[in-house]
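The structure appears right after this line, and notes come after that.
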Amino acid sequence: MSVQPRAEHDERTYDVIVIGGGGAGLRAAIEATSQGAKTAVVCKSLFGKAHTVMAEGGMAAALRNVWPEDGWDVHFRDTMRGGKLLGNWRMAQIHAQESPDRVLELEEWGAMFDRTPDGLILQRDFGGHRYARLAHVGDRTGLELIRTLQYRAIELGIDVLMECNIQRLLMDDGHVAGAFGYWRQTGRYILLRAKAIVLATGGAGRSWRVTTNSWESTGDGLRLALEAGAELMDIEFVQFHPTGMVWPLSVRGLLVTEGVRGDGGTLKNKDGERFMFRYIPEFFKAETADNAAEADRWYEDKKNNRRTPDLLPRDEVARAINSEVKAGRGTPHGGVWLDIASRRSADYIKRRLPSMYVQFKELADVDITKEAFEIGPTCHYFMGGIRVDADSTATTVRGLFAAGECAAGLHGANRLGGNSLSDLVVFGRRAGLHAAQFAAAQRAPGAVDPTELDAAVARMRAPLERQGGEDPYAIQSDLQDTMQDLVGLIRTQSELDEALVRIRSYRERLSRVSAPGAARYNPGWNLALDLESMLTVSEAVTRAASLRKESRGGHTRDDFPKADPEWAKVNVVVRRTDGELALQTEPLPQMPAELSEIVTGEGKATAAAAPHTT
Amino acid sequence: MSEAVEPARREATVRVFRGEDRASGGFVDYTVPVDPGMVVLDVMFRVQQMRAPDLAVRWNCKAGKCGSCSAEVNGRPRLMCMTRLSSLPATEPITVAPMATFPLVRDLVTDVSFNYEKARTFPNVKLAPPGPDGKRRMYQEEVDRVQEFHKCIECFLCQNVCHVIRDHEENKAAYSGPRFFVKMAALEMHPLDTHSRVEMLRAKHGLGLCNITKCCTEVCPESIRITDNAIIPLKERVVSEYYDPLAWVKRRIFGEKEPAAPAER
Ligand SMILES: Cc1cc2nc3c(=O)[nH]c(=O)nc-3n(C[C@H](O)[C@H](O)[C@H](O)COP(=O)(O)OP(=O)(O)OC[C@H]3O[C@@H](n4cnc5c(N)ncnc54)[C@H](O)[C@@H]3O)c2cc1C
Ligand code: SF4
Ligand code: SF4
Ligand code: FES
């Protein structure tokens with residue numbers, strides 16, 4: 001490496017920095033500030049534009065406004081079962097118990113959810129939830145969530161460093177000391193010194209071709225955590241949402257909210273058959289309607305009817321659609337039909353699903369109030385992520401916390417719709433709280449080693465200085481094809497092996513990547529740097545998928561089609577040692593007996609198991 | 001369906017603004033292959049992949065939900081991700097320019113920090129305490145009205161088009177613009193909010209400078225009726241409350257809503 005004068009950089013010091021301006025990051029920053037910590041939020045895009053803004057259907061919380069029978073225990077049970085019993089029981093318990101308060105708090109800060117006739121927060125049906133449980137605002141719940149938190153953060157005077165991309169965490173003796181990155185608008189470098197750091201960087205679905213995720217979802221937080229010495233867990237579990245748009249090509253992958261089915265839409269194959277009745281797994285037989293009449297009655301009368309199989313957990317529905325298409329019963333562009341037009345009035349559809357109506361009308365020339373439309377699976381959500389302590393969200397690295405989609409545990413092998421937005425605020429708050437407490441116990445941020453900064457700058461500058469090297473867009477495109485074709489919804493050993501070989505070749509190409517132009521708002525350069533995270537995460541997913549020789553939730557192996565009770569006992573954990581990823585299995589934490597009873601029973605807590613119910 | 005209305009366009013020529021300042025920069029033509037159904041943002045991606053890897057474009061959701069990709073397409077302020085090629089004439093190049101009202105960063109990206117500064121200049125909601133049963137009640141009819149304003153994706157196209165600041169840089173200090181009139185209308189019409197922002201709207205946010213041209217409403221991608229539903233009611237409040245401070249107190253005490261809001265509870 002040539003010796004260069006030390007690069008100029010901006011420098012700022014905080015108690016807590018939160019990397020990520022989505023729901024989790026903003027909620028963490030609000031809490032840390034309320035605890036008295038001097039806090040900043042850093043985000044790659046503009047303030048208020050994080051991926052959370054796209055969330056549609058709603059946030060799950062047992063508010064009991066629509067179904068008094070609901071309760072934290074039922075929500076806990078649904079979450080554990082939806083996650084195929086691989087979730088962290090303590091996180092699922094905390095999440096179910098605290099989410100109602102977090103929703104009400106949003107209302108306090110200005111959120112306006114849709115209402116029941118009695119003036120309370122209305123709740124909607126979603127897959128895998130026993131009762132209508134999702135607080136929502138039409139089909140733009142994420143926008144309401146992020147705007148509410150954004151203006152709350154403004155009210156508290158929190159510093160927001162936007163269009164600022166963090167590329168490296170800095171360590172002092174095994175403890176986080178800061179973060180280093182660059183401003184996208186100028187290309188200038190920035191050093192943030194801090195006593196504690198919260199990672200809230202969201203998911204990593206950008207590495208797939210057909211995806212609901214934006215350019216931001218490159219999994220930076222997962223790479224930063226690994227490099228700092230923290231661990232990933234459950235990373236093989238990637239959720240493919242059953243209903244993405246498939247046509248025209250330019251919108252392929254764009255999400256169609258589960259709310260369409262929650263509000264009465266149903267899936268059909270090319271013969272018009274409601275095929276989901278043929279795909280009800282044993283595990284959910286007792287609670288799922290096996291005929292159309294009962295399924296249709298369920299929307300109105302949940303007590304005396306079982307739920308429609310259209311609303312089975314997402315992994316089941318995505319696999320069913322895949323099988324229908326493979327069997328030649330798909331639609332012209334390789335999906336299946338989703339039909340709400342023949343089942344609900346145009347008025348109802350426009351009121352309940354306004355942005356879906358506009359999205360199809362403007363981007364696909366389809367009027368969803370008049371005709372069925374084509375949908376198919378799309379890469380959507382990372383169940384896995386950074387391994388954290390359930391109560392404090394602490395990683396194994398001192399001073400480093402993680403919350404939101406980048407953290408693992410709550411969702412196990414499969415996430416229920418609506419459980420992410422509630423996850424963000426429940427664990428975002430806890431991350432902010434514990435990071436602030438951690439920071440308060442430190443006298444000053446750790447020391448920063450200038451040679452580490454030099455190394456970071458050299459790495460970041462390299463693509464700009466190199467000429468005629470590999471094209472970052474081409475590497476990204478090849479990676480997306482590989483992950484889509486070989487590490488998608490259905491996996492098999494030979495394909496996973498092939499994927500790994502290809503990922504290694506992309507890594508080699510990345511070492512020769514070049515980005516023409518200057519550092520000022522240069523997307524080619526930005527991508528060249530983000531590819532590092534994409535490749536690290538893709539390798540972790542592929543190797544974990546290859547290790548787990550069974551099918552469970554978001555991980556389906558063609559060569560091991562059944563769930564294996566032995567694999568039900570372990571998580572796959574990923575670490576980084578000597579620059580290489582190392583994987584191993586570790587036993588699941590033991591669930592207390594009174595909680596196991598809730599999971600196996602009807603979901604009613606005994607008094608002993610419900611100390612927090614109010 | 002899409003095939004029917006789409007002209008058989010195989011490639012498109014876009015005339016894109018390139019440069020770091022408006023004086024020295026200029027338009028560059030790129031011709032790239034296109035597929036049916038494409039939006040202008042797709043074409044920008046093609047340009048990045050095939051011609052100009054460093055072309056600065058801001059985007060996130062590519063679904064009209066985040067408000068990042070605002071630009072002026074054929075002279076009209078629009079979201080690039082919601083502008084179908086089929087909606088533009090196939091016979092001439094498509095011009096794509098950065099928003100004019102904000103300082104240029106590079107190419108199609110502008111510095112929109114003006115808006116983020118304005119966002120810090122008024123108080124957030126402060127709700128009245130919950131009812132006797134510990135619950136807060138609001139009714140769908142009341143909520144509907146405010147939800148229209150909550151649809152705002154902060155694309156700042158209305159800010160870009162409003163002539164009060166587009167043509168008069170000097171007004172920026174004392175004028176918050178339509179986006180923030182919408183935001184303040186949402187706060188003011190929140191059925192449980194206890195602040196009044198009326199005096200502030202007049203004195204600090206320059207509501208009086210708006211002369212109801214409705215250009216903002218025309219460009220709003222969320223079809224928020226900015227002028228009719230936000231600005232005009234706010235102006236009415238300023239008039240009634242500025243000259244009759246007790247009007248606000250009365251409205252709060254008697255819970256009387258705007259004339260348009262259904263009184264039914
Ligand atoms: C279309 C869509 C619809 C959805 N609908 C629902 C729903 O109805 N209900 C539900 O519960 N869930 C839903 N989800 C899932 C949910 O929206 C996401 O899981 C959740 O919003 C993630 O939030 P987050 O705060 O963890 O991260 P994000 O909102 O993804 O934010 C990540 C933040 O980290 C920042 N960041 C990342 N890397 C860096 C870096 N290197 N430096 C600086 N900043 C960085 C980004 O800029 C961004 O601000 C949906 C998801 C999608 C895509
Ligand atoms: S109506 Fe008012 S705010 Fe809207 S563009 Fe015209 S002057 Fe600006
Ligand atoms: S009011 Fe409309 S035009 Fe203005 S910022 Fe909001 S969404 Fe954009
Ligand atoms: S990219 Fe989000 S609105 Fe266009």
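Order-wise, the sequence lines are chains R and E. The first sequence begins at 1 in the working numbering and counts up by one. The second sequence begins at 1 in the working numbering and counts up by one. No residue lacks a Cβ here, since even glycine has one placed at the ideal position from N, Cα and C.
- Ala29 of chain R places its beta carbon less than 8 Å from that of Ile158 of chain R.
- Checking the DSSP bridge columns, you'll see Ile94 of chain E partnered with E:Val14.
- Not one heavy atom of ligand 1 is found less than 7 Å from the C-beta of Ala62 of chain R.
- Distances from the alpha-carbon of Met59 of chain R to those of R:Gly48, R:Pro332, R:His75 and R:Lys44 put R:His75 closest.
- At a cut-off of 7 Å, the beta-carbon of Cys152 of chain E counts as near ligand 3: some heavy atom of the ligand is closer than that.
- Approximately 32 Å separates the beta-carbon atoms of Ala200 of chain R and Ile321 of chain R; this is outside 8 Å, ruling out the contact.
- Closer than 8 Å to the CB of Gly119 of chain R there is at least one CB belonging to chain E.
- Separation of Ser68 of chain E and Ser87 of chain E (C-alpha to C-alpha, rounded to the nearest whole angstrom) is 21 Å.
- Think of a sphere of 7 Å around the beta carbon of Glu154 of chain E: the chain R residues whose beta carbon falls inside it are Gly48, in chain order.
- In chain order, the residues that have a beta carbon nearer than 6 Å to some heavy atom of ligand 4 are E:Trp59, E:Asn60, E:Cys61, E:Lys62, E:Gly64, E:Lys65, E:Cys66, E:Gly67, E:Ser68, E:Cys69, E:Leu79 and E:Cys81.
- A contact between stretches requires three or more CB pairs, one per stretch, nearer than 8 Å, and the segment 101-110 of chain E meets this requirement with the segment 47-60 of chain E.
- Fewer than three pairs of CB atoms, one per stretch, sit closer than 8 Å, so the segment 221-241 of chain R makes no contact with the segment 40-50 of chain R.
- Of the other Cβ atoms in all chains shown, 16 or more fall within 10 Å of the Cβ of Val541 of chain R; this residue is therefore buried.
- For the segment 86-116 of chain E, residues whose beta-carbon sits nearer than 8 Å to a beta-carbon of chain R comprise Val105, Arg106, Asp107, Val109, Asp111, Val112 and Tyr116.
- Relative to ligand 3, Leu157 of chain E has its C-beta within less than 7 Å of a heavy atom.
- Per the DSSP secondary-structure output, Ser70 of chain E pairs in a beta bridge with E:Leu79.
- Under the 10 Å beta carbon count, Thr577 of chain R is surrounded by fewer than 16 other beta carbons and is classified as exposed.
- Remark: the shortest separation between the CB of Pro221 of chain E and any heavy atom of ligand 3 falls under 7 Å.
- Note on Lys62 of chain E: 16 or more other CB atoms within 10 angstroms of its CB, so buried under the neighbour-count rule.
- Annotation for Ser538 of chain R: Ser207, Leu479, Met483 and Ile503 place their beta carbon closer than 7 Å to its own, counting only its chain and skipping 5 residues before and after.
- Counted as a single uninterrupted DSSP element, the alpha helix (DSSP H) harbouring Ala499 of chain R occupies residues Gln493 to Leu510.
- Within the same chain, Cβ atoms closer than 7 Å to the Cβ of Leu363 of chain R are found at Val251, the five residues on either side in sequence being excluded.
- Asp54 of chain E reaches chain R at Ala515, Pro516, Gly517, Ala518, Asn522, Pro523, Gly524 and Trp525, counting residues in chain order whose Cβ is nearer than 8 Å.
- Take Leu547 of chain R, set aside five residues on each side of it, and the residues of its chain with a beta-carbon closer than 7 Å to its own are Val572 and Leu583, in chain order.
- Rounded to the nearest whole angstrom, the C-alpha separation of Tyr175 of chain E and His195 of chain E is 21 Å.
- Shortest Cα-Cα distance from Ala407 of chain R to any of R:Ala24, R:Glu8 and R:Ala7 involves R:Ala24.
- Taking the CA atoms as reference points, Asp234 of chain R sits about 14 Å from Trp89 of chain R.
- The Cβ atoms of Leu104 of chain E and Met38 of chain E do not sit closer than 8 Å to each other.
- Here Thr288 of chain R has Ile280, Arg306, Arg307, Pro309 and Leu312 as same chain residues with Cβ atoms under 7 Å from its own Cβ, once five neighbours each way along the sequence are excluded.
- Residue contact check for Val176 of chain R against chain E: no CB pair falls below 8 Å.
- The nearest non-hydrogen atom of ligand 3 is 7 Å or more from the C-beta of Ile232 of chain E.
- In the structure shown, Leu192 of chain R falls within a strand segment according to DSSP collapsed to helix, strand and coil.
- Looking at the backbone, the Cα of Arg225 of chain E and that of Thr217 of chain E are separated by about 6 Å.
- Here Lys235 of chain E carries a helix assignment [DSSP, helix/strand/coil].
- Segment contact: the segment 243-259 of chain R against the segment 328-342 of chain R, three or more CB-CB distances shorter than 8 Å; contact assigned.
- Of the other Cβ atoms in all chains shown, 16 or more fall within 10 Å of the Cβ of His241 of chain R; this residue is therefore buried.
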